[in-house]
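Q: If you read the sequences in order, they're chains A and B.
Numbers in our numbering are just positions in the first sequence, counted from 1, shifted up by 511.
Numbers in our numbering are just positions in the second sequence, counted from 1, shifted up by 80.
Note that CB positions come from ideal geometry on N, CA and C, so glycine has one too.
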Amino acid sequence: MKKLHLFLIVAMAAAVGLLVYALGDASSYVSFAEASRHPDKEFHVVGRLAEGHSVYYNPSEDPNRTEFFLTDHEGKTVKVIYPQPKPADFERAEEVVIIGRMQGDGVFLASKVLTKCPSKYVEKDLNAVTSQSDE
Amino acid sequence: MSDIQYIGEWLWAAYAGKGAVAAALALAVLGVAAGLRAYFYPDDRWARPILRAAVWGHFLSVAAIGAVLYVLILNHRFEFQYVWQHSSRALPLKYVISSLWEGQEGSFWLWTFWNSVLLLFLVRRNYAVTWGAAVVVFLGQVMFLSMLLGVKIGDITIGINPFLLLRETMAAPIFSRPDYVSLIQDGTGLNPLLQSYWMVIHPPVLFLGFASAGIPFALVAAMLMKKGVPHWLPWTQRWALVGGAFLGLGILLGALWAYEALNFGGYWAWDPVENSSLVPWLVLVAGIHMLLIYQARRAYLRLTLFFLMAVYWLLLYSTFLTRSGVLGNASVHSFTDMGLGGQLIFWLAFFVLLGTGLYVRRWKDLRGKDIQESLYSREFWMYIGALIVFLSSFHIIVVTSLPVINKVLGTHLAPPTDAIQHYNRVQLPFAVIILLLTAAGMFLEYRRTPSGVFLRRLGMTVLMGLLITITAEWAWQLNTWAYRLLSFAGWTAAIGNGWILWGYLRKKRFRLIGGALSHTGLAVMVLGVLVSSAKKEVISRNTAGVDFGDNFSVQSKLENVLIYRDSTALVGPYQVRFSGTRWEAPQTYYRVDFADTAGRESFTLYPSAQISKNMGLVASPDIQKWWDHDLYVHITAIPDTSDPAFHARILAADTLLMAPIDTFTWRHYQVRTEGLFQPEDESLSDTAIRTRLLMVLEDTLRQNRLMLAPEWHLQGRLVMTVPDMDSHQTVQAELLQILPEQQRLRVVLAALQPPSRPYIILKAIAFPFINLLWLGGVLMLLGFGAAAYGRKLPKGKAA
Numbered sequence: 512m513k514k515l516h517l518f519l520i521v522a523m524a525a526a527v528g529l530l531v532y533a534l535g536d537a538s539s540y541v542s543f544a545e546a547s548r549h550p551d552k553e554f555h556v557v558g559r560l561a562e563g564h565s566v567y568y569n570p571s572e573d574p575n576r577t578e579f580f581l582t583d584h585e586g587k588t589v590k591v592i593y594p595q596p597k598p599a600d601f602e603r604a605e606e607v608v609i610i611g612r613m614q615g616d617g618v619f620l621a622s623k624v625l626t627k628c629p630s631k632y633v634e635k636d637l638n639a640v641t642s643q644s645d646e
Numbered sequence: 081m082s083d084i085q086y087i088g089e090w091l092w093a094a095y096a097g098k099g100a101v102a103a104a105l106a107l108a109v110l111g112v113a114a115g116l117r118a119y120f121y122p123d124d125r126w127a128r129p130i131l132r133a134a135v136w137g138h139f140l141s142v143a144a145i146g147a148v149l150y151v152l153i154l155n156h157r158f159e160f161q162y163v164w165q166h167s168s169r170a171l172p173l174k175y176v177i178s179s180l181w182e183g184q185e186g187s188f189w190l191w192t193f194w195n196s197v198l199l200l201f202l203v204r205r206n207y208a209v210t211w212g213a214a215v216v217v218f219l220g221q222v223m224f225l226s227m228l229l230g231v232k233i234g235d236i237t238i239g240i241n242p243f244l245l246l247r248e249t250m251a252a253p254i255f256s257r258p259d260y261v262s263l264i265q266d267g268t269g270l271n272p273l274l275q276s277y278w279m280v281i282h283p284p285v286l287f288l289g290f291a292s293a294g295i296p297f298a299l300v301a302a303m304l305m306k307k308g309v310p311h312w313l314p315w316t317q318r319w320a321l322v323g324g325a326f327l328g329l330g331i332l333l334g335a336l337w338a339y340e341a342l343n344f345g346g347y348w349a350w351d352p353v354e355n356s357s358l359v360p361w362l363v364l365v366a367g368i369h370m371l372l373i374y375q376a377r378r379a380y381l382r383l384t385l386f387f388l389m390a391v392y393w394l395l396l397y398s399t400f401l402t403r404s405g406v407l408g409n410a411s412v413h414s415f416t417d418m419g420l421g422g423q424l425i426f427w428l429a430f431f432v433l434l435g436t437g438l439y440v441r442r443w444k445d446l447r448g449k450d451i452q453e454s455l456y457s458r459e460f461w462m463y464i465g466a467l468i469v470f471l472s473s474f475h476i477i478v479v480t481s482l483p484v485i486n487k488v489l490g491t492h493l494a495p496p497t498d499a500i501q502h503y504n505r506v507q508l509p510f511a512v513i514i515l516l517l518t519a520a521g522m523f524l525e526y527r528r529t530p531s532g533v534f535l536r537r538l539g540m541t542v543l544m545g546l547l548i549t550i551t552a553e554w555a556w557q558l559n560t561w562a563y564r565l566l567s568f569a570g571w572t573a574a575i576g577n578g579w580i581l582w583g584y585l586r587k588k589r590f591r592l593i594g595g596a597l598s599h600t601g602l603a604v605m606v607l608g609v610l611v612s613s614a615k616k617e618v619i620s621r622n623t624a625g626v627d628f629g630d631n632f633s634v635q636s637k638l639e640n641v642l643i644y645r646d647s648t649a650l651v652g653p654y655q656v657r658f659s660g661t662r663w664e665a666p667q668t669y670y671r672v673d674f675a676d677t678a679g680r681e682s683f684t685l686y687p688s689a690q691i692s693k694n695m696g697l698v699a700s701p702d703i704q705k706w707w708d709h710d711l712y713v714h715i716t717a718i719p720d721t722s723d724p725a726f727h728a729r730i731l732a733a734d735t736l737l738m739a740p741i742d743t744f745t746w747r748h749y750q751v752r753t754e755g756l757f758q759p760e761d762e763s764l765s766d767t768a769i770r771t772r773l774l775m776v777l778e779d780t781l782r783q784n785r786l787m788l789a790p791e792w793h794l795q796g797r798l799v800m801t802v803p804d805m806d807s808h809q810t811v812q813a814e815l816l817q818i819l820p821e822q823q824r825l826r827v828v829l830a831a832l833q834p835p836s837r838p839y840i841i842l843k844a845i846a847f848p849f850i851n852l853l854w855l856g857g858v859l860m861l862l863g864f865g866a867a868a869y870g871r872k873l874p875k876g877k878a879a
């Protein structure tokens, strides 16, 4: 029984170690201000596309460069460069999550962009039906 | 609203469906009662027949729920909310099958259905423990059916009923008309992403896996209901193996679906939805190994039972994760929140408390034998292996649960910025240890192995593993020590287990091959994962892009290439031409021709893409397969066709009078009309008079020739014109009028501004040796099957 107990204790210690490691490796949701304080680290920033700026994507110039401006929850607007094609329907996104780091020049370099669309998956409205049937 | 007498609603179906849900629920409750009676009062003559009747009746009512739903979907009864939301008239029949389980209600039904089928198998045996297990399974059925109930108690609605009418779920002006049913022409259809044959195959298999992996919990709980040492573990083992096989198959099919039809650029993305079925499977695997130890040595019973129960808790927890909306932004494909979160937590807590309650009450009975573990015994290393597998699953569930941790603790933790790298880094050492343990463990006997024989065999295996790893490294160039270590572990495990497997096969001892076969499969699979992901190469590198300065990490991400229609681009070693499109509802397929620049081979792929209103870009890759690698091509962007730049615009139009056979000059074209013809195709010619004018336009500027054939139709007194334009959309001709008296035609010729050229942006990835992954996966699952078949069962009698 002694050996068994020893292994269980080792396993539990390993579990705690894993937990600490995993939580330590976890990123966090921050504002642009916080992200620019740590330009060496990657963060998640949640925001909306800034009003008055349009999304720039010219595939014939460079299919791997999308530029847009994002306003975070503190109201700060920052230019974001995303070296990937523009996601379809990007302008309609209700909320945008960008993952990446703030560069020295105040431009955020996003390695990943997630969009939350108003009607992703099953939420659908009846307007389509009623407009057809009112003829 | 209730005053209106609606016309044409299939109200009977709503009653039938709701009735079937109620009947199934009532029979589940009856099953719980009869099962308890049969289990604790074996002398009761009536309890067992009643339980059997409840099992059959329950199965029939659960099947009836699905049957009614199918009848509604097949008859396009869009007055039902579920039908309206998940199907449409245009949907091909093969996808109609899968619209049944697109929604949460339908997928809960699927799980419930498999449970009711498994109950039939469970009570077929006359083992006493089955009556107790049936009680627990029936309790689970009460849980699932309550999710389909849709009953309002006070402010709380319990479950979502799939038989609700559209007018009961939303308010709209249309419902003030008694004949509204005839006005709803069509449903909103199945999510385009899910219109795939994988959606037909994958969910039924996965939920069969969920259902069967939950049976060991039922058996364990049943055993714990009675005093004494549990003695139905061999039978539990067989169910655990069956569950492991089906759940594993479901996960593997999910990976195959992701790879072949979805666009995340691979087979596994460590997405929470994937993780949440992998974790219970891993714990089940740990439990299966603990059961083997217990059967050999009667030791470690407490941990064994704990693992088996944890499988079911984790299945429920996974369900909570993926269906309560708690994952939010963290997952690409979780279900939408339908307000079931609270109910799921309640049931999760219920089954955790039930399990732990029984477990703690029997704690003293569950004392295994104290054994002297020898370093040269199989059980010692198997025990360590099971703990490692459990730790590996623990890590996955912790990271997957970050959104839950945020909810509970109010933190703002996000998944690691490079989640895939994080998982791979942590899981790699686990994989190395587990693989090496499978190699060593299979050479060991239970209790004690003569150390000489063991060390000789192990030494041989390690040596051969080392040699092959070095040879493979020469071909694969894995380059990092972590990958080389995993390669070594994989080869060693493949050789060691293959050796054992060969021994059994040669002696025709087929009942024993399960372990060796599944371990060999695991090793081959891990090697496939290792090579295909470590040496995965994005060949669509874009070198023409804007320079990002010295930030190489970003530069290396320029992975997408733009190709205009009818032109070529260089993608890796291929000249790639975007040569056309083909529309096949609901997708547009893009014809992409690949030609090796060395001129050795050429092939055509058809990746598909569409921009969906709800989903954004929905793309499916196409894959060219060779024995040693795959070329995976998927579209990452297409132009938005709602943009006016992508339609031709009329620059100038002239109305001209001409004879049916005539020549004249128009702008920079020499125009020749060649007369009026009857179109030969009969498709539209029912009552209409149809005339087609043939025109040839010689372009004097560009020295080419355009052929146009505008049409003029007369149906009754209704005139219709069908204009024609050339393939490059530069000129459009419309036959406006035929003037028989003057022998003249009035034709509008319009010069068009050609639209922007269509293009595709694609990404091409080479996955070397990915076939090892599928081969290994299949071998591993066959191993589970062989092990389940190979178990000898006790010849039990009732009570």
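Enumerate, from N- to C-terminal direction, the unbroken alpha helix (DSSP H) stretches of 4 or more residues contained entirely within the segment 561-618 of chain B.
A: List check, alpha helix (DSSP H) in window: 561-586, 594-614.
Q: Quick one: what does DSSP say THR551/B is sitting in, helix, strand or coil?
A: Within the second sequence, numbered from 1, the residue matching residue 551/B stands at position 471. Note: THR551/B maps to helix in three-state DSSP.
Q: Any idea what DSSP makes of GLN317/B, helix, strand or coil?
A: Locating residue 317/B in the second sequence gives position 237, counting from the first residue. Three-state DSSP puts GLN317/B in a helix.
Q: Got a sec? Which residues, its chain only, sit under 8 Å from VAL484/B by beta carbon, not counting five neighbours each side?
A: For the purposes of this step, residue 484/B is identified with residue 404 of the second sequence, where counting begins at 1. Correct list, in chain order: LEU401, VAL406.
Q: By the three-class DSSP mapping on this structure, what secondary structure does GLU459/B have?
A: Working through the second sequence from its first residue, we reach residue 459/B at position 379. DSSP places GLU459/B in helix when its eight states are reduced to three.
Q: Starting from PRO496/B, find everything on chain A with Cβ-Cβ shorter than 7 Å and list it in chain order.
A: Residue mapping note: residue 496/B aligns to position 416 of the second sequence, counting from 1. Under the 7 Å cutoff, chain A gives ASP536, ALA537, SER538.
Q: PRO598/A and ARG576/A: beta carbons closer than 9 Å?
A: As a working mapping, residue 598/A is identified with position 87 in the first sequence. As a working mapping, residue 576/A is identified with position 65 in the first sequence. Cβ atoms of PRO598/A and ARG576/A: not closer than 9 Å.
Q: Return helix, strand or coil for TRP92/B, following the three-state DSSP convention.
A: The count along the second sequence starts at 1 and reaches residue 92/B at position 12. Helix at TRP92/B.
Q: On the three-state DSSP scale, how would you describe GLY629/B?
A: As a position in the second sequence, residue 629/B is number 549, starting the count at 1. Confidence in GLY629/B is poor, its pLDDT being 43 and thus under 50, which makes the residue's placement unreliable; the coordinate value appears in the next sentence. Three-state result, GLY629/B: coil.
Q: Over what stretch of residues does the beta strand (DSSP E) that includes GLU778/B continue unbroken?
A: As a position in the second sequence, residue 778/B is number 698, starting the count at 1. Residues 769-779.
Q: Quick one: which chain A residues come within Cβ less than 8 Å of TYR439/B?
A: Taking the second sequence and counting its residues from 1, one reaches residue 439/B at position 359. The premise fails here: TYR439/B is roughly 16 Å from chain A at the closest Cβ pair, so nothing lies under 8 Å.
Q: Should PRO838/B be flagged as near chain A, meaning a C-beta pair shorter than 9 Å?
A: Start at 1 with the first residue of the second sequence, and residue 838/B comes out as number 758. Chain A, which has no Cβ nearer than 9 Å to the Cβ of PRO838/B, makes this no.
Q: Whose CA, out of TRP393/B, THR192/B, VAL672/B, lies closest to the CA of ALA301/B?
A: The count along the second sequence starts at 1 and reaches residue 301/B at position 221. It is TRP393/B.
Q: Is DSSP giving GLN452/B helix, strand or coil here?
A: As a working mapping, residue 452/B is identified with position 372 in the second sequence. GLN452/B: coil per DSSP, three-state reduction.
Q: Could you tell me whether any Cβ in chain A is nearer than 9 Å to the Cβ of TYR463/B?
A: Translated into the one-based positions of the second sequence, residue 463/B becomes position 383. By this cut-off, TYR463/B is an interface position.
Q: Check whether the Cβ of GLY696/B lies closer than 9 Å to any Cβ atom in chain A.
A: For the purposes of this step, residue 696/B is taken as the residue at position 616 of the second sequence. Judged by the 9 Å Cβ criterion, GLY696/B is in contact with chain A.
Q: Under 8 Å, with one C-beta from each stretch per pair, do the segment 835-846 of chain B and the segment 858-866 of chain B reach the 3-pair mark?
A: Taking 8 Å as the limit for Cβ pairs, the verdict is that the segment 858-866 of chain B does not touch the segment 835-846 of chain B.
Q: Strictly under 9 Å for the Cβ-Cβ distance: is ASN640/B near chain A by that measure?
A: Start at 1 with the first residue of the second sequence, and residue 640/B comes out as number 560. Yes, its Cβ sits closer than 9 Å to a Cβ of chain A.
Q: Go through the segment 228-285 of chain B residue by residue and report every complete run of the alpha helix (DSSP H) that reaches 4 residues or more, in order.
A: List check, alpha helix (DSSP H) in window: 246-249, 260-263.
Q: Are LEU245/B and ALA94/B closer than 9 Å when you measure CB to CB?
A: If you number the second sequence from 1, residue 245/B lands on position 165. If you number the second sequence from 1, residue 94/B lands on position 14. Yes, they are a contact pair.
Q: Is any beta-carbon of chain A found at less than 9 Å from that of ASP445/B?
A: If you number the second sequence from 1, residue 445/B lands on position 365. No, ASP445/B lies away from the interface with chain A (no Cβ there is under 9 Å from its Cβ).
Q: Using a cut-off of 7 Å between C-beta atoms, extract the partners of HIS516/A located in chain B.
A: Within the first sequence, numbered from 1, the residue matching residue 516/A stands at position 5. Those within 7 Å of HIS516/A in chain B number zero; the least Cβ separation is about 11 Å.
Q: How many Å lie between ALA846/B and GLY330/B at the Cα?
A: To locate residue 846/B, count along the second sequence from 1; it is residue 766. To locate residue 330/B, count along the second sequence from 1; it is residue 250. Spanning the two alpha carbons is a distance of roughly 25 Å.
Q: Helix, strand or coil for ALA868/B, going by three-state DSSP, please let me know.
A: For this step, residue 868/B is matched to residue 788 along the second sequence. Helix.
Q: If you scan the segment 350-392 of chain B from start to end, which runs of the alpha helix (DSSP H) of 4 or more residues do you find wholly inside it?
A: Those alpha helix (DSSP H) runs which fall completely within the segment 350-392 of chain B and span 4+ residues are 352-377.
Q: Measure the alpha-carbon distance for ASP734/B versus THR810/B and round it to whole angstroms.
A: Working through the second sequence from its first residue, we reach residue 734/B at position 654. Working through the second sequence from its first residue, we reach residue 810/B at position 730. In a straight line, the C-alpha of ASP734/B is about 14 Å away from that of THR810/B.
Q: Do the CB positions of THR904/B and SER622/A come within less than 9 Å of each other?
A: Absent from the structure is residue 904/B, since the part of chain B shown begins at 81 and ends at 879.
Q: Output needed in chain order: residues of the segment 375-401 of chain B with a Cβ under 9 Å from some Cβ in chain A.
A: Within the segment 375-401 of chain B, the qualifying residues are ALA379, TYR380, LEU383.
Q: Just to make sure I have the definition right: I need the residues of chain B whose C-beta is within less than 8 Å of the C-beta of LYS590/A. Which are they?
A: To locate residue 590/A, count along the first sequence from 1; it is residue 79. Correct list: empty, because the minimum Cβ distance to chain B is about 14 Å.
Q: Of the residues ALA133/B, ALA96/B, ARG125/B, TRP92/B, which one's Cα is nearest the Cα of VAL112/B?
A: Position 32 of the second sequence, counted from the start, is the residue given in the question as residue 112/B. Answer by Cα proximity: ALA133/B.
Q: Is it buried or exposed for GLN690/B, if we count other Cβ within 10 angstroms and need 16 for buried?
A: Working through the second sequence from its first residue, we reach residue 690/B at position 610. Buried, since its Cβ has 16 or more Cβ neighbours within 10 Å.
Q: Using a Cβ-Cβ cut-off of 9 Å, state whether PRO242/B counts as contacting chain A.
A: Within the second sequence, the letter at position 162 stands for residue 242/B. No, PRO242/B does not count as interfacial toward chain A.
Q: State the Cα-Cα distance for the pair PHE344/B and GLN452/B, rounded to the nearest angstrom.
A: As a working note, residue 344/B is residue 264 in the second sequence. As a working note, residue 452/B is residue 372 in the second sequence. Each residue's alpha carbon lies about 50 Å from the other.
Q: Counting only beta-carbon atoms, is ALA522/A nearer than 9 Å to chain B?
A: Taking the first residue of the first sequence as 1, we reach residue 522/A at position 11. Chain B contact via Cβ: present.
Q: How about THR582/A: is its C-beta nearer than 9 Å to some C-beta of chain B?
A: Residue mapping note: residue 582/A aligns to position 71 of the first sequence, counting from 1. It does not: the Cβ of THR582/A has no partner Cβ on chain B nearer than 9 Å.
Q: Assign TYR567/A to one of three DSSP states: helix, strand, or coil.
A: To locate residue 567/A, count along the first sequence from 1; it is residue 56. Of the three classes helix, strand and coil, the one that applies to TYR567/A here is strand, per DSSP.
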